[in-house]
Structures are given as C-alpha cells and as structure tokens.
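Written out below as structure tokens is the structure these notes cover.
Chains as they are written, first to last, in the UniProt record's numbering: chain A, 1 to 393; chain B, 1 to 393.
Below, the structure written as structure tokens:
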C-alpha cells in the first residue's frame with residue numbers, strides 16, 4: 001500500500017519511522033511521498049512541496065494528513081478524497097469542524113476517511129467506541145482527553161507548584177504549545193468530545209458557543225491544596241450523557257475521589273470511558289499524545305484499510321436533541337465576589353473561600369458561571385463527585 | 001446469520017437475550033438452535049438435546065459454545081469446525097488446553113475460531129492485543145484477569161473481614177462457584193494468561209506445572225492490615241514479559257501502591273494491560289464476567305464474522321523460549337516457620353511476621369515457596385512493587 005504523508009512534524013515523522021522499521025504488518029506499507037512546506041529543503045527522496053504531484057499520482061492509495069490546523073488541511077483532505085484516495089488524519093480540529101463534509105465526500109468517492117489518532121492518541125478509543133456501538137446504545141462518555149492539561153494538573157497536584165510555573169515547564173518539555181489556550185481552555189477536549197459524540201449518537205455537532213466549556217487556566221495552588229484536603233483530585237474532563245431522545249456534552253474541571261481510576265491517571269496519559277447498555281463500563285487508558293503512540297494509531301487505520309476492516313458507517317441522521325440541562329451536578333466555585341445571589345434558587349453552602357452549589361443543571365451552572373467571570377475573571381469552578389466510591393462507575 | 005448456542009446457562013441466555021432484543025447490528029443475527037442437556041425439558045422452541053441436529057443443519061453458520069469445562073465442549077468445538085461451522089467460545093479452560101488443535105482444524109475447514117469473551121469478559125482485550133500486535137512486539141502483559149478473586153480481595157480490603165467469610169458472601173452472590181479453587185488458586189487466571197501469551201508470542205503453551213502460580217487462598221485479614229499499613233493494595237495478577245528470544249509468565253498476588261490503576265480496580269472488575277514498542281502502555285478496564293458483558297463479547301465475535309473482520313492469524317511457530325527466571329522481583333513472605341535459610345543467597349530482611357526477599361528470580365521464588373508450603377501450608381507470598389509511583393507503567 002502506497003502512502004503519502006502530508007506534513008512531517010512529530011506525528012508525520014513517527015508514521016515514517018514505523019513504516020521504515022517495517023516490522024509485522026507495517027511491512028506491507030510504503031511511503032511514496034511526503035509533503036513539506038514550499039520554502040523547506042527536502043532531505044528525503046520522498047519529499048515534495050507539490051500537493052498536486054501527490055493528488056495526481058494514481059499509485060497513492062492513502063493520504064495521511066498530519067499538518068494540523070484548519071486550512072489547508074481541510075482543502076487537502078477534500079481534494080484527496082475527490083481523487084478517490086483514502087484519507088487518514090490525526091487533526092481533531094479539522095474533523096470536529098468538517099466531519100459531515102468529509103464523511104459525505106468520502107462516501108461519494110468510495111474512499112475511507114478514518115481518524116483513530118485524533119482522539120486519545122494511541123488509545124484505540126474510536127475503535128472501541130464504534131465496536132461498542134455495534135451492539136449497544138452508549139449512554140455515557142467521559143474522558144481525560146487532553147494530555148497537556150492532565151500533565152499540568154498532575155504536576156500541580158504532586159509538587160504544589162503554581163499553574164504558571166508548571167505550564168512553563170510543560171512548554172519547555174514540549175508538552176504544551178507556545179500558545180497553550182487550546183489545551184488549557186478546553187478547546188482541544190471539546191474537539192475530541194465532539195468527535196466522540198458525533199460517532200456515539202450519529203449526529204454532527206461542532207464545538208460551538210452552545211457547548212458548556214470551562215478550562216483550567218484559573219486554577220491556583222490553593223485550590224489544589226483545598227481539593228487535596230477534601231480527598232479529591234481534579235481532572236479536566238469531556239463528558240456526555242444520552243437519555244431518551246436527548247443528550248448533553250460538557251467540558252469542565254471535575255473532582256474525583258482517590259478510589260477512582262481517573263484520580264490516578266498521571267502525567268500526560270489519557271483515560272476515556274464509555275457506558276453501554278449490555279457492556280457496562282469500559283475504560284481505556286494510554287498515551288493520548290506523543291510521536292510513536294499517535295503514529296501507531298495512524299498505522300492502525302491504514303492497516304484497517306489494507307485489511308478491508310470497515311469502520312462504522314455514519315449518516316448523521318439521528319434525532320437526538322442537545323439538552324444542556326439534561327444532567328445535574330454539584331459544583332464548587334471559588335470567586336473573590338460573593339456569587340451566592342447569582343445562584344439563588346439552588347441549594348448553596350459557603351465553605352471558607354468556596355461556595356458549594358448542589359444539584360444544579362449543567363447548562364444553567366455554566367451560564368451563571370459566565371456571569372461570575374464577568375465580575376471576577378480569576379474565578380474557578382469544578383464539578384463534584386456525587387458520592388464517595390464507585391471506581392468503576 | 002444463523003446461530004446455534006450450546007449451553008443455556010448465564011452466558012448462553014445472555015447471548016439469546018441480546019439477539020432477541022435485536023438492536024443495532026444484532027438485528028442481523030438469528031438463534032436457530034439451543035442445545036440443552038438430555039434430561040432437561042425444553043422451554044423454548046429453539047431448544048434441542050441433539051448435537052447432531054445442530055451439526056447437520058446446513059443453515060447454521062456459527063456455533064457458540066458456552067457449556068464450559070473440557071468435555072464435551074472440546075469434542076463439540078472440533079465437530080462443529082469439521083462441519084465447517086464457525087465457532088465462538090467463552091470457555092477459557094478448553095481454549096487454554098486445545099488452542100493449537102482448534103486453530104489447526106478451523107484453518108483446515110475454512111472456519112473461524114474466535115474467543116474474545118474467554119479473557120476479560122466484556123473487555124475487548126483479545127481484540128486490543130491482536131490490534132497492537134499488527135504493529136508492535138508486545139513486551140509485557142499484566143492483568144487482573146479474575147473478577148471473583150478481585151471481588152474477594154477488594155471486600156477484604158474494604159471491610160477487614162476474613163477470607164472465608166468474604167468467599168462465602170461471594171458464593172451467595174453468585175460471584176464464586178461452590179468449588180472456588182479455579183478462581184482463588186489462580187487456575188482461571190493461568191488459563192486466561194496462557195491464551196493471552198499464545199496470542200502475544202504466537203506460540204502454544206498450556207498452564208502446566210512449569211507455570212509459576214500462587215493463589216490467594218492463604219491470605220488473612222492480618223496480611224491485609226499489614227499491606228494497608230504499607231500503603232499497598234493486593235491484587236491477584238497474571239503477568240508475562242518478553243525479552244529477546246525469551247518470555248516468562250506467572251500468576252501471583254502482587255502489591256500495588258495507591259497511585260496505580262490496579263489498586264483502584266474494584267469489585268469484580270478486570271484491568272488488563274499491555275506494553276508495546278510504539279504504542280507504549282495500554283490499559284483496558286471493564287466487567288470481566290457477568291451475563292451481558294460476556295454475552296456482548298460473544299456477539300462482537302459473531303459480528304466480526306458477519307462483517308468479514310478477520311482476527312489475527314496464529315501459527316504457533318515462534319521460537320520464544322520459556323525462561324522462568326527472566327525477571328526478578330522483590331517478595332514478601334508470611335510463614336510460621338523461619339524460612340530465611342531457604343532464601344540464603346538472596347538479600348532478605350525480617351519485618352515483624354514478614355520476610356522480605358529482594359531481587360529474586362521469579363521461577364526461583366516460586367520453587368522455594370513450594371518448599372515453604374510443604375512445611376507450612378498456611379504460608380502466603382506476594383510480589384512487591386519495585387518503587388513508589390508509576391501509575392501508568
């Protein structure tokens with residue numbers, strides 16, 4: 001099978017490395033082209049700066065898009081599919097934005113469009129989710145979807161260092177971008193959650209303003225100490241529930257007791273879970289990023305095409321409705337202003353510097369929290385576990 | 001697709017239930033026969049006591065063997081394959097014993113022989129392992145493979161109750177058999193580990209006397225208290241390592257620090273992990289037993305056949321050699337006799353009622369422990385974590 005790799009950054013060079021190493025079934029794969037930027041000097045014979053050379057090469061079977069970002073990635077994917085080439089991408093931003101278009105064009109051109117590596121890196125999450133969906137309705141998804149934010153929270157938890165210091169360390173280690181907002185403001189989680197939700201409920205949603213989203217930018221070392229005293233560990237989670245004909249989805253810092261797997265998912269690892277009707281709870285833990293794990297997931301998609309293992313068909317025609325207030329949670333809020341009047345109508349409790357709000361619908365909580373942020377931009381919130389126990393729940 | 005179910009116990013009736021429910025892709029499946037025992041009264045129209053009726057029915061595509069035990073399950077599987085029917089089984093004992101024969105006869109008859117549900121119940125472990133093996137050498141496998149023993153250890157840990165009391169509770173709840181030895185002596189773990197090792201290294205090994213195996217029958221509430229004081233949680237593990245041309249495998253109680261996922265795998269859940277060269281660490285957690293999760297895994301195998309998704313080919317021709325002393329561990333031993341002379345030549349440390357043995361080869365440890373047991377049949381041992389930390393390792 002002949003592969004063209006678009007982009008030769010971390011993941012692209014990882015894919016190249018695994019294919020060059022030619023072990024096991026990767027022996028059946030061959031890298032024919034590598035697309036590099038116009039002004040870059042090619043240092044491998046496969047390198048080219050011409051996308052047209054790749055698109056017009058009839059011997060290219062699979063195009064691997066690992067440029068990242070929206071354009072030109074979006075255009076390249078569309079063009080490759082229209083040239084009847086299978087496309088595999090690790091680019092969650094472009095999939096979350098255009099999954100419906102890619103799916104339609106792929107079907108029209110009898111090409112595959114696979115993206116295992118876009119969510120959970122090396123974790124076979126998309127595959128596990130699609131497999132569960134062959135038999136079950138999936139009623140819950142929740143995950144530590146972002147390795148960078150998990151690394152930051154884990155380091156803060158273990159060292160007691162402030163957010164900014166740990167963020168800088170993460171940047172120095174290459175775990176976080178120079179502009180870290182996608183990771184720490186929950187945007188990356190939102191993209192991965194939307195992709196998962198698209199698959200789980202067979203509908204197409206974008207990470208729009210509707211999505212309740214709250215990141216970890218405002219967390220302080222004092223918050224960490226406080227949560228620690230409560231016996232809880234904080235994680236940035238993407239979550240979704242489905243009930244009847246409705247679903248919700250949210251990105252928010254979430255507290256876990258020490259007897260959960262989430263609380264012990266360390267460093268930049270991911271842990272993603274589903275609940276299915278007959279399968280019950282399934283959890284997948286592994287490296288959510290990193291060169292070789294992510295490249296491995298790309299290779300797995302290529303091998304699925306090579307072996308004719310078709311992924312789940314999506315039509316995005318289900319009638320599930322987004323209901324931001326489908327589930328209720330308890331929350332803890334830290335703010336310099338007295339925000340209890342905002343939450344009147346809900347049961348609240350003042351605990352030192354923190355306000356507990358009980359049993360509030362998720363959408364309502366996020367709406368009110370945006371009002372808190374307008375008056376105190378350093379405010380922080382996290383959802384609380386409903387009760388002690390239930391590692392596997 | 002037409003199915004015959006051999007045996008109508010917990011798993012068999014679960015498979016029937018999911019197919020009758022006819023949701024999603026299970027809609028494509030149809031139960032044509034259910035084999036029941038000779039003297040049992042049929043209470044469903046599909047029921048028959050004639051295996052020949054099933055074998056000679058040309059319209060049966062898949063035979064699901066969920067009788068359990070060695071015979072007649074072994075004979076039925078062989079006969080079904082020879083009648084060119086695909087066979088799916090949840091029966092780990094019969095697979096561990098005859099995987100080579102089943103694989104050979106299936107290939108000769110162009111039939112599939114799949115067994116996802118035999119290891120890890122509803123967890124897509126076999127599938128995850130086979131997928132990893134498309135790209136990677138798998139260098140380590142370890143798992144909480146047995147839900148019953150995990151339930152017992154977890155209950156002892158949480159309630160402080162003695163082993164026998166918790167075992168009786170497990171029996172009353174239907175988690176443990178009247179004869180619990182397969183679960184508590186590690187035999188069930190050994191079967192599941194052997195199946196995993198067979199796949200991982202493409203060789204055929206049986207759970208013979210060579211396999212270092214130690215169960216949890218001898219653990220006391222005082223042991224639990226001691227491990228708790230050390231900040232550790234005990235789990236019955238199946239483990240295997242591969243290095244160069246050698247591998248080891250072992251079943252033994254293993255202590256984990258509180259920052260590991262293993263320590264927080266509760267109730268009768270399973271947690272199974274692999275380490276691959278490029279994928280790194282992958283962990284799968286879910287219900288290792290139970291009617292619907294196990295039946296779900298059976299249905300997944302049927303759907304793989306229905307969709308033409310072939311599993312990994314095995315030839316059992318690899319040249320890996322079993323080396324019981326491939327890895328070294330630290331161990332803790334409790335015995336009423338002074339067993340330190342037995343372990344001379346190794347670094348030992350007496351800690352109250354417990355003897356620590358450092359850096360001893362696994363095979364050697366198990367060999368010497370058998371000698372301890374000859375003189376003190378109530379002795380207990382567990383392997384120790386090498387160092388604090390490493391939740392994801």
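Backbone N, C-alpha and C fix where the C-beta goes; we use that ideal spot for every residue, glycine too. These figures come from a predicted structure and were not determined experimentally.
Roughly how many angstroms separate the alpha carbons of residue i and residue j, rounded to a whole number?
| i | j | result |
| --- | --- | --- |
| residue 393 (chain B) | residue 250 (chain B) | Because the pLDDT at residue 393 (chain B) is just 36, under 50, the model does not fix this residue reliably, and the value given afterwards should be weighed accordingly. Distance between the alpha carbons of residue 393 (chain B) and residue 250 (chain B): 18 Å. |
| residue 389 (chain B) | residue 233 (chain A) | Confidence in residue 389 (chain B) is poor, its pLDDT being 43 and thus under 50, which makes the residue's placement unreliable; the coordinate value appears in the next sentence. Approximately 16 Å, taken between the alpha carbons. |
| residue 226 (chain B) | residue 294 (chain B) | 35 Å |
| residue 341 (chain B) | residue 137 (chain A) | 59 Å |
| residue 394 (chain A) | residue 343 (chain A) | This structure cannot settle anything about residue 394 (chain A), because the visible part of chain A is limited to 1 through 393. |
| residue 376 (chain A) | residue 256 (chain A) | 26 Å |
| residue 352 (chain A) | residue 287 (chain A) | 38 Å |
| residue 336 (chain A) | residue 218 (chain A) | 12 Å |
| residue 330 (chain A) | residue 237 (chain A) | 15 Å |
| residue 391 (chain A) | residue 262 (chain B) | Its pLDDT being 38, under 50, residue 391 (chain A) is placed unreliably in this model, and the value from its coordinates should be taken loosely. Rounded to whole angstroms, residue 391 (chain A) to residue 262 (chain B) spans 11 Å at the Cα level. |
| residue 134 (chain B) | residue 95 (chain B) | 22 Å |
| residue 100 (chain B) | residue 302 (chain B) | 21 Å |
| residue 49 (chain A) | residue 124 (chain A) | 32 Å |
| residue 84 (chain A) | residue 27 (chain A) | 24 Å |
| residue 38 (chain A) | residue 204 (chain A) | 34 Å |
| residue 111 (chain B) | residue 86 (chain B) | 5 Å |
| residue 128 (chain A) | residue 371 (chain B) | 45 Å |
| residue 373 (chain A) | residue 88 (chain A) | 40 Å |
| residue 156 (chain B) | residue 224 (chain B) | 7 Å |
| residue 252 (chain A) | residue 14 (chain A) | 32 Å |
| residue 41 (chain B) | residue 61 (chain B) | 25 Å |
| residue 275 (chain B) | residue 200 (chain B) | 11 Å |
| residue 170 (chain A) | residue 152 (chain A) | 7 Å |
Give the range of the alpha helix (DSSP H) segment to which residue i is assigned.
| i | result |
| --- | --- |
| residue 367 (chain A) | 362-375 |
| residue 299 (chain B) | 291-306 |
| residue 108 (chain A) | 92-108 |
| residue 225 (chain A) | 221-229 |
| residue 166 (chain A) | 163-172 |
| residue 150 (chain A) | 147-159 |
Determine the chain B residues that contact residue i at a beta-carbon separation under 9 Å, and present them in chain order.
| i | result |
| --- | --- |
| residue 299 (chain A) | 134, 135 and 278 |
| residue 287 (chain A) | 279, 280, 281, 282 and 392 |
Can you confirm whether residue i, when its beta carbon is compared against all beta carbons of chain B, has any partner nearer than 9 Å?
| i | result |
| --- | --- |
| residue 217 (chain A) | no |
| residue 292 (chain A) | yes |
| residue 169 (chain A) | no |
| residue 23 (chain A) | yes |
| residue 126 (chain A) | no |
| residue 131 (chain A) | yes |
| residue 174 (chain A) | no |
| residue 269 (chain A) | yes |
Can you pull the chain B neighbours of residue i, defined as C-beta to C-beta under 7 Å?
| i | result |
| --- | --- |
| residue 284 (chain A) | 284 |
| residue 18 (chain A) | 135 and 278 |
| residue 303 (chain A) | 134 |
Could you list which residues in chain A have their beta carbon closer than 7 Å to that of residue i, in chain order?
| i | result |
| --- | --- |
| residue 264 (chain B) | 259, 260, 261, 264 and 391 |
From the beta carbon of residue i, is the nearest beta carbon of chain A less than 9 Å away?
| i | result |
| --- | --- |
| residue 212 (chain B) | no |
| residue 309 (chain B) | yes |
| residue 26 (chain B) | yes |
| residue 8 (chain B) | no |
| residue 200 (chain B) | no |
| residue 374 (chain B) | no |
| residue 143 (chain B) | no |
| residue 147 (chain B) | no |
Whose C-alpha, out of the options, is nearest the C-alpha of residue i?
| i | options | result |
| --- | --- | --- |
| residue 382 (chain B) | B:46, B:260 and B:214 | B:214 |
| residue 309 (chain A) | A:75, A:131, A:91 and A:71 | A:131 |
| residue 283 (chain A) | B:265, B:289 and B:183 | B:265 |
| residue 11 (chain A) | A:365, A:317, A:290 and A:326 | A:290 |
| residue 399 (chain A) | A:355, A:41 and A:325 | Past the boundaries of the shown model lies residue 399 (chain A); chain A is included only from 1 to 393, so the question cannot be answered. |
| residue 248 (chain B) | B:366, B:167 and B:168 | B:366 |
| residue 76 (chain A) | A:154, A:1, A:54 and A:193 | A:54 |
| residue 208 (chain A) | A:24, A:201, A:193 and A:141 | A:193 |
| residue 229 (chain B) | B:258, B:206, B:201 and B:254 | B:258 |
| residue 56 (chain A) | A:44, A:74, A:235 and A:33 | A:33 |
List, in order along the chain, the chain A residues whose C-beta lies closer than 8 Å to that of residue i?
| i | result |
| --- | --- |
| residue 123 (chain B) | 282 |
Give the interface partners of residue i over in chain B, defined as CB-CB distance under 8 Å, in chain order.
| i | result |
| --- | --- |
| residue 295 (chain A) | 278 |
The beta strand (DSSP E) that contains residue i, what's its start and end?
| i | result |
| --- | --- |
| residue 270 (chain B) | 269-276 |
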